[in-house]
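Engineer: Let me give you the structure first, and then I'll get to my questions.
Protein chains: 2
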Amino acid sequence: MKTELSQKLGIEHAIFGFTPFPAVAAALTRAGGFGVLGAVRYTAPDDLARDLDWMQDHTDGLPYGLDVVMPAKRVEGVSETDVEAMIPEGHREFVRATLAKHGVPELAEGEASGWRITGWMEQVARGQLDVAFDYPVKLLANALGSPPADVVARAHDHDVLVAALAGSARHARHHAEAGLDIVVAQGYEAGGHTGEIASMVLTPEVVDAVSPLPVLAAGGIGSGEQIAAGLALGAQGVWLGSIWLTTTEAELHSRALTAKLLAAGSGDTVRSRALTGKPARQLRTRWTDAWDDPDGPGTLPMPLQGLLVAEAVSRIQKYEVEPLLGTPVGQIVGRMNSERSVQQVFDELTRGFEKTVDRVNRIAGRSAS
Amino acid sequence: MKTELSQKLGIEHAIFGFTPFPAVAAALTRAGGFGVLGAVRYTAPDDLARDLDWMQDHTDGLPYGLDVVMPAKRVEGVSETDVEAMIPEGHREFVRATLAKHGVPELAEGEASGWRITGWMEQVARGQLDVAFDYPVKLLANALGSPPADVVARAHDHDVLVAALAGSARHARHHAEAGLDIVVAQGYEAGGHTGEIASMVLTPEVVDAVSPLPVLAAGGIGSGEQIAAGLALGAQGVWLGSIWLTTTEAELHSRALTAKLLAAGSGDTVRSRALTGKPARQLRTRWTDAWDDPDGPGTLPMPLQGLLVAEAVSRIQKYEVEPLLGTPVGQIVGRMNSERSVQQVFDELTRGFEKTVDRVNRIAGRSAS
């Protein structure tokens with residue numbers, strides 16, 4: 402599965418895998434794809450350095466990338482404490498009441514919340530970059546708009562390609578104007594932050610909008626058929642995130658959450674502002690229902706919502722409170738029905754792609770080749 | 402573009418086109434595809450007979466189909482007057498106020514509303530079938546669930562294949578159990594009634610759910626790339642509706658509406674209950690905004706909403722009141738940017754498909770064939 406972009410990056414298959422877990426990212430790269438490690442959970446630069454050291458030791462010199470969350474708009478000198486102060490008391494009370502209603506225990510004294518909003522702030526993302534540029538990272542991806550110009554320039558100085566997600570042709574054009582190298586067209590069906598245009602329509606629109614910049618198709622892809630579809634739509638590769646959540650290498654640390662993912666159907670996700678304040682596709686739970694309830698207080702804008710719910714989400718995850726337990730995931734969750742290794746999933750993707758090419762050739766009346 | 406299904410129907414290309422306009426349906430069939438005429442606007446059987454006569458004379462003996470709207474649940478002995486009586490006065494007042502706000506003129510005395518709810522009632526659909534079975538219609542499609550068992554049996558007695566739209570694997574399995582021959586997997590991005598699962602995810606799910614029944618991919622398809630994607634996802638053909646609305650053969654009878662469609666982007670549609678009471682994708686307008694406004698009265702369930710707004714929609718269309726003027730259409734509206742003949746669009750689809758197969762073969766490392 403070779404495209405201009407895959408050849409530029411020196412990878413065997415134009416399959417890009419986003420994951421918060423180093424073991425998954427490394428396995429993806431070793432399998433012949435391109436692992437992209439999500440950095441948002443690393444609030445301490447040393448933790449990121451430790452995991453990038455590990456990646457170095459487990460990727461056989463093959464290329465991999467890093468995904469940061471860096472808002473394009475800089476908010477100067479605003480601390481987490483300043484943001485905390487902007488949260489209305491009524492919303493805090495709603496969090497307490499919702500957790501109490503479902504019997505969610507408190508964290509132990511001094512126990513830190515695992516999910517921190519700080520990873521979503523530019524200062525933290527810049528600290529991550531200071532670490533990342535010491536490693537042979539080949540791609541820097543940004544989930545929230547184009548990165549600031551100085552970051553793009555710094556990446557290019559290090560021969561690092563810069564990618565960003567786009568939910569519309571307008572976003573994509575903005576990325577092209579900002580000098581980015583790759584646009585990830587993130588369809589409505591994708592997990593995490595996503596817009597309203599589905600991949601079938603979005604991918605070719607973005608390809609047309611930024612050509613000749615390479616586009617990766619993201620959203621709804623978890624099989625070889627879907628990879629072939631994404632490439633047919635004009636992408637130079639595919640970007641998969643959800644499908645790795647149920648691999649044996651994924652460190653979800655929650656059997657209950659894994660079980661929920663394995664059992665969920667494609668209709669069991671919702672595009673909700675509950676997690677961050679911006680629409681993000683995730684498992685639909687009693688927690689998302691509470692925030693999406695027209696009779697509730699509703700969500701706060703980013704970054705307030707993330708800060709408001711950070712500790713609550715940690716408590717729900719730690720105590721595995723089933724009705725509230727969720728995670729960002731795309732509609733492809735309906736096809737995540739067994740736990741397998743990254744290599745097994747990857748082999749199935751490439752085999753499925755080859756079979757699909759055979760099938761489409763038969764439909765087109767082309768001889769087997 | 403040959404599949405088992407296209408060969409069974411004796412068509413050159415597995416491209417199915419749904420349209421309310423006989424001239425479009427006939428042109429599609431003549432081009433080597435399969436035209437499916439929407440029957441919902443024919444309230445008088447004679448009108449349908451007249452247009453099917455015309456179809457006969459303009460399809461060179463090639464096959465075509467008919468699409469009816471027949472709810473699976475039968476409501477015995479309920480007339481339009483009975484349904485009218487169930488509409489709250491507050492909703493009628495909201496219609497009057499919204500029309501008045503935008504200066505929509507009244508219809509002339511005795512002038513009939515063009516858009517009638519009656520076409521959505523089973524009695525009317527059965528009258529349409531009585532007409533249709535006198536013609537060599539090869540496919541009967543139903544937009545609302547599986548048709549009643551006696552209708553399926555009657556179609557099969559006439560060697561007519563029966564298809565129905567499905568927005569989920571569950572719907573699709575229901576169609577298979579009802580003895581249907583074809584399932585149209587209608588993705589979130591599609592125009593008209595649609596569910597929340599996007600085509601990229603829905604198509605393969607439906608294929609798996611009903612295999613070996615043939616599946617048509619619908620939603621988001623308006624180019625050769627998208628046709629290749631739909632077929633890659635396992636479909637035996639593609640079902641396109643929106644793309645024909647801006648062909649020269651389409652009889653929209655409103656330059657203002659055609660202009661709106663040509664100008665609209667993929668983000669200018671909304672999945673709203675404004676038209677029928679069930680979620681249907683359509684152009685977003687001040688009219689849909691009024692119904693989707695949380696501070697408004699909200700929509701009524703099907704069939705009440707359709708009956709409530711029928712005359713209003715006719716008035717908006719007749720007087721081309723631009724801010725309110727809309728139509729069911731999918732996200733593909735963003736690519737409908739020029740008026741061309743059905744044949745021109747069709748040629749572009751087939752040429753684009755061939756080019757896409759070439760491109761995917763290059764990515765797969767297959768030699769040109």
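Here the protein sequences line up with chains H and P, keeping their order.
Each residue of the first sequence is one higher than the one before, counting from 402 in the working numbering.
Each residue of the second sequence is one higher than the one before, counting from 402 in the working numbering.
All C-beta atoms in this analysis are idealised placements derived from N, C-alpha and C, irrespective of residue type, glycine included.
1) Gly707 (chain P) lies in the alpha helix (DSSP H); which residues open and close that run?
2) When burial is assigned at 16 or more other CB atoms within 10 Å of the CB, is Asn762 (chain P) buried or exposed?
3) With distance defined between alpha-carbon atoms, name the residue in P:Arg571, P:Ala713 and P:Val734 nearest to Leu725 (chain P).
4) For the region 560-583 of chain H, which residues have a CB atom closer than 7 Å to at least one CB atom of chain P, in sequence order?
5) Check for me: the alpha helix (DSSP H) holding Val552 (chain H) runs from which residue to which?
6) My parser needs the beta strand (DSSP E) runs of 3 or more residues fully inside the region 406-494 of chain P; what are they?
7) Thinking C-beta only, is Ala432 (chain P) closer than 7 Å to Gln744 (chain P)?
8) Take every Cβ of the region 499-511 of chain H, pair it with every Cβ of the region 446-456 of chain H, and state whether three or more of those distances are shorter than 8 Å.
9) From the DSSP secondary-structure annotation, give me the bridge partner or partners of Thr648 (chain P).
10) Are Leu540 (chain H) and Ala579 (chain H) touching if we call contact CB-CB under 7 Å?
11) Identify the continuous alpha helix (DSSP H) that holds Ser643 (chain P) and give its terminal residues.
12) My assumption, with CB atoms under 8 Å, is that Arg674 (chain H) sits in contact with Thr700 (chain H). Please give the rounded CB distance.
13) Quick check on Glu740 (chain P) - is its C-beta less than 7 Å from some C-beta in chain H?
14) List, in order along the chain, the chain H residues whose C-beta lies closer than 7 Å to that of Phe408 (chain P)?
15) Mind checking which residues open and close the alpha helix (DSSP H) that includes Ile628 (chain P)?
16) Consider the Cβ of Gln732 (chain H): report whether some Cβ of chain P lies at a distance smaller than 7 Å.
17) What would DSSP say about Gln587 (chain P), mapped onto helix, strand or coil?
18) Would Ser600 (chain P) count as contacting chain B if we go by Cβ distances under 7 Å?
19) Take the Cβ of Ala664 (chain P) as the centre, count every other Cβ of all protein chains shown within 10 Å, and call the residue buried at 16 or more, exposed below.
20) Does the region 582-594 of chain P come close enough to the region 604-622 of chain H to have 3 or more Cβ pairs within less than 8 Å?
21) Can you tell me which of P:His414, P:Ala567 and P:Trp645 puts its alpha carbon nearest to the alpha carbon of Arg741 (chain P)?
22) Whose CA, out of P:Phe417, P:Gln457 and P:Asp468, lies closest to the CA of Ala544 (chain P)?
23) Do Thr686 (chain P) and Gly727 (chain P) have their CB atoms nearer than 7 Å?
24) Could you name the residues of chain P that Glu755 (chain H) contacts, counting a contact when the two beta carbons are closer than 9 Å?
25) Using a Cβ cut-off of 7 Å, pull out every chain H residue sitting near Glu673 (chain P), in sequence order please.
26) Pull out every residue of the region 598-628 of chain P whose Cβ sits closer than 8 Å to any Cβ of chain H, in chain order.
27) Ordered along the chain, which non-local residues of its own chain (more than five positions away) have a Cβ less than 7 Å from that of Val496 (chain H)?
28) Can you find a C-beta in chain H that's less than 7 Å from the C-beta of Met737 (chain P)?
29) Between the region 597-612 of chain P and the region 581-589 of chain P, are three or more C-beta pairs nearer than 8 Å?
30) Determine the chain P residues that contact Tyr589 (chain H) at a beta-carbon separation under 8 Å, and present them in chain order.
31) Since Thr420 (chain H) meets chain P, which of its residues come closer than 7 Å, beta carbon to beta carbon?
32) For Ser739 (chain H), which residues of its own chain have a beta-carbon under 8 Å away from its beta-carbon, when the five flanking residues on both sides are left out?
33) Residues of chain P with CB under 7 Å from Pro729 (chain H), in chain order?
34) What is the DSSP secondary structure of Leu662 (chain H), counted as helix, strand or coil?
35) Pro771 (chain H) versus chain P: which residues are under 8 Å apart at the beta carbon?
36) In its own chain, which residues sit with a C-beta less than 7 Å from the C-beta of Ala450 (chain H), not counting the 5 before and 5 after it?
Structural biologist: In terms of the structure at hand:
1) As a position in the second sequence, residue 707 (chain P) is number 306, starting the count at 1. Its alpha helix (DSSP H) spans residues Leu705 to Lys719.
2) Your numbering for residue 762 (chain P) matches position 361 in the second sequence. It is buried - the Cβ of Asn762 (chain P) has at least 16 other Cβ atoms within 10 Å.
3) Stepping through the second sequence from its first residue, residue 725 (chain P) is reached at position 324. Residue P:Ala713 is the option with its Cα nearest to Leu725 (chain P).
4) Ser569
5) As a first step, residue 552 (chain H) must be located in the first sequence, where it is residue number 151. Taken as a continuous stretch (DSSP letters only), the alpha helix (DSSP H) holding Val552 (chain H) covers Ala550 to Asp558.
6) 416-420, 435-439 and 465-469
7) Start at 1 with the first residue of the second sequence, and residue 744 (chain P) comes out as number 343. Start at 1 with the first residue of the second sequence, and residue 432 (chain P) comes out as number 31. Contact: yes.
8) no
9) As a position in the second sequence, residue 648 (chain P) is number 247, starting the count at 1. Per DSSP, P:Arg741.
10) Working through the first sequence from its first residue, we reach residue 540 (chain H) at position 139. Working through the first sequence from its first residue, we reach residue 579 (chain H) at position 178. No; because the gap between Cβ atoms is not below 7 Å, this pair is not in contact.
11) Numbered from its first residue, the second sequence carries residue 643 (chain P) at position 242. Here Ser643 (chain P) belongs to no alpha helix (DSSP H), and DSSP marks it neither H nor E.
12) As a working mapping, residue 674 (chain H) is identified with position 273 in the first sequence. As a working mapping, residue 700 (chain H) is identified with position 299 in the first sequence. About 4 Å; that satisfies the 8 Å criterion.
13) Here residue 740 (chain P) is taken as the residue at index 339 of the second sequence, counted from 1. So, not an interface residue.
14) Working through the second sequence from its first residue, we reach residue 408 (chain P) at position 7. A quick correction: the sequence has Gln, not Phe, at residue 408 (chain P). The premise fails here: Gln408 (chain P) is roughly 11 Å from chain H at the closest Cβ pair, so nothing lies under 7 Å.
15) In the second sequence, counting from the first residue as 1, residue 628 (chain P) sits at position 227. It spans Gly625 to Ala633 - the alpha helix (DSSP H) in which Ile628 (chain P) sits, taken as one unbroken run.
16) Start at 1 with the first residue of the first sequence, and residue 732 (chain H) comes out as number 331. Yes, contact with chain P.
17) Along the second sequence, read from residue 1 onward, the residue named residue 587 (chain P) stands at position 186. In this structure, Gln587 (chain P) counts as strand in the three-state DSSP scheme.
18) Among the chains of the structure shown, chain B does not appear; the protein chains present are H and P.
19) Locating residue 664 (chain P) in the second sequence gives position 263, where the first residue counts as 1. With fewer than 16 Cβ atoms within 10 Å of its Cβ, Ala664 (chain P) is classed as exposed.
20) no
21) As a working note, residue 741 (chain P) is residue 340 in the second sequence. The option with the nearest alpha carbon to Arg741 (chain P) is P:Trp645.
22) Here residue 544 (chain P) refers to the residue found at position 143 of the second sequence. It is P:Asp468 whose Cα lies nearest to the Cα of Ala544 (chain P).
23) Counting from one through the second sequence, the residue named residue 686 (chain P) turns up at place 285. Counting from one through the second sequence, the residue named residue 727 (chain P) turns up at place 326. Yes. Within cutoff.
24) Residue numbering aside, residue 755 (chain H) sits at position 354 when the first sequence is read from its first letter. Per Cβ cutoff of 9 Å: Ala765.
25) Position 272 of the second sequence, counted from the start, is the residue given in the question as residue 673 (chain P). Reading the sequence as shown, one finds Ser at residue 673 (chain P) and not Glu. Simply none; closest approach about 13 Å.
26) Ile598, Ala599, Ser600, Met601, Val602, Leu603, Pro605, Glu606, Gly620, Gly621, Ile622, Ser624, Glu626 and Gln627
27) Locating residue 496 (chain H) in the first sequence gives position 95, counting from the first residue. Cβ within range, chain order: Leu709, Val710 and Ala713.
28) Looking up residue 737 (chain P) in the second sequence gives position 336. Answer no: the Cβ-Cβ gap between Met737 (chain P) and chain H never drops below 7 Å.
29) yes
30) The sequence position of residue 589 (chain H) within the first sequence is 188, counting from 1. Simply Tyr589, Glu590 and Ala599.
31) Reading the first sequence from its first residue, position 19 is the one you call residue 420 (chain H). None at all; the shortest Cβ gap to chain P is about 20 Å.
32) Here residue 739 (chain H) corresponds to residue number 338 of the first sequence, with the count starting at 1. Excluding positions up to five away in sequence, the list reads Thr647 and Leu663.
33) As a first step, residue 729 (chain H) is located in the first sequence; it is residue number 328 there, counting from the start. Neighbours of Pro729 (chain H) on chain P: none; closest Cβ ~16 Å, over 7 Å.
34) By one-based count along the first sequence, residue 662 (chain H) stands at place 261. If DSSP states are grouped into helix, strand and coil, Leu662 (chain H) belongs with the helices.
35) Outside the modelled stretch of chain H, which goes from 402 to 770, sits residue 771 (chain H), for which no answer is possible.
36) Against the first sequence, residue 450 (chain H) aligns to sequence position 49. Cβ neighbours of Ala450 (chain H) beyond the five flanking positions: Val532.
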